[in-house]
Amino acid sequence: MTLAAIVSVTVAATDKTADTPQYTNLKVLPKSISSKALQGIMADDFDDGLGVSCGFCHAGNKDGHGLDFASDAKPEKQIARAMMRMTLGINKKYLKVKHPEIGNATLIVSCTTCHKGQAFPDGAEPK
């Protein structure tokens, strides 16, 4: 094995950035969130808690293929951020959760509390 190959393998094995994806445009969730944690939040809180898929909040790519997760083009994404902040605030201020985080099982109030698996809570459906 050549020295260059050994160095390449060593660098790849010690590269910590490969474990922590760098997401862009995160406003409420931690910038250092792992892929597993982010996917869990999206699956548990949004897919299960609100009964919506990714395209409900995330705009499509300009080329028509896939989603542009960093885009703020859809107003639903801003609403989701406001709702996450509201949920964190309720848990911290009124329910005394010391360090509330979206996706953490210690939250007493979560998306599901009001949404119950629906995109809009009862009485809040768009007209």
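Following our numbering, the numbering of the sequence shown begins with 1123 at its first residue and continues without gaps.
Cβ atoms here follow ideal geometry from the backbone N, Cα and C, with glycine treated the same way.
None of the values given here were measured: they were computed from a predicted structure.
| Exposed or buried, which one is threonine 1132 when buried takes at least 16 other CB atoms within 10 Å? | The residue labelled residue 1132 in the question sits at position 10 within the sequence shown. With a pLDDT of 44 at threonine 1132, under the threshold of 50, the modelled position of this residue cannot be trusted, and the question is left open.
| request: Could you have a look at glycine 1239 and say whether DSSP puts it in helix, strand or coil? | output: The sequence position of residue 1239 within the sequence shown is 117, counting from 1. The answer is coil: DSSP assigns glycine 1239 none of H, G, I, E or B.
| said: Buried or exposed, going by whether 16 or more other CB atoms sit within 10 Å of the CB of methionine 1164? | reply: Numbered from its first residue, the sequence shown carries residue 1164 at position 42. Classification of methionine 1164: buried, given that the 10 Å Cβ count is 16 or more.
| Is there contact between the stretch 1152–1167 and the stretch 1182–1197, where contact requires at least three CB pairs shorter than 8 Å? | The stretch 1152–1167 is not in contact with the stretch 1182–1197.
| query | lysine 1158 to glutamate 1247, Cα distance in whole Å? | reply | What you label residue 1158 is simply residue 36 of the sequence shown in a count that begins at 1. What you label residue 1247 is simply residue 125 of the sequence shown in a count that begins at 1. Cα to Cα, the separation comes out at about 32 Å.
| Reference methionine 1208, options Asp1169, Ile1230, Ile1155, closest by Cα | Mapped onto the sequence shown, residue 1208 falls at position 86. That would be Ile1230, whose Cα lies nearest to the Cα of methionine 1208.
| query | In three-state terms, what does DSSP make of aspartate 1185? | reply | The count along the sequence shown starts at 1 and reaches residue 1185 at position 63. DSSP places aspartate 1185 outside both helix and strand once states are collapsed to three, so it counts as coil.
| Does the Cβ-Cβ distance between cysteine 1236 and glycine 1171 come in under 7 Å? | Taking the sequence shown and counting its residues from 1, the one referred to as residue 1236 is at position 114. Taking the sequence shown and counting its residues from 1, the one referred to as residue 1171 is at position 49. Their beta carbons are not under 7 Å apart, which means cysteine 1236 does not touch glycine 1171 by this criterion.
| task | Within its chain, find whatever has a CB closer than 6 Å to the CB of lysine 1249; leave out the 5 residues flanking it on each side and keep chain order. | result | Reading the sequence shown from its first residue, position 127 is the one you call residue 1249. Apart from the 5 residues on each side of it in sequence, lysine 1249 has no Cβ closer than 6 Å to any other Cβ in its chain.
| In whole angstroms, what separates the C-alpha of threonine 1214 from that of glycine 1188? | Within the sequence shown, numbered from 1, the residue matching residue 1214 stands at position 92. Within the sequence shown, numbered from 1, the residue matching residue 1188 stands at position 66. Checking the displayed sequence, the identity of residue 1214 turns out to be lysine instead of threonine. Their Cα atoms are separated by approximately 36 Å.
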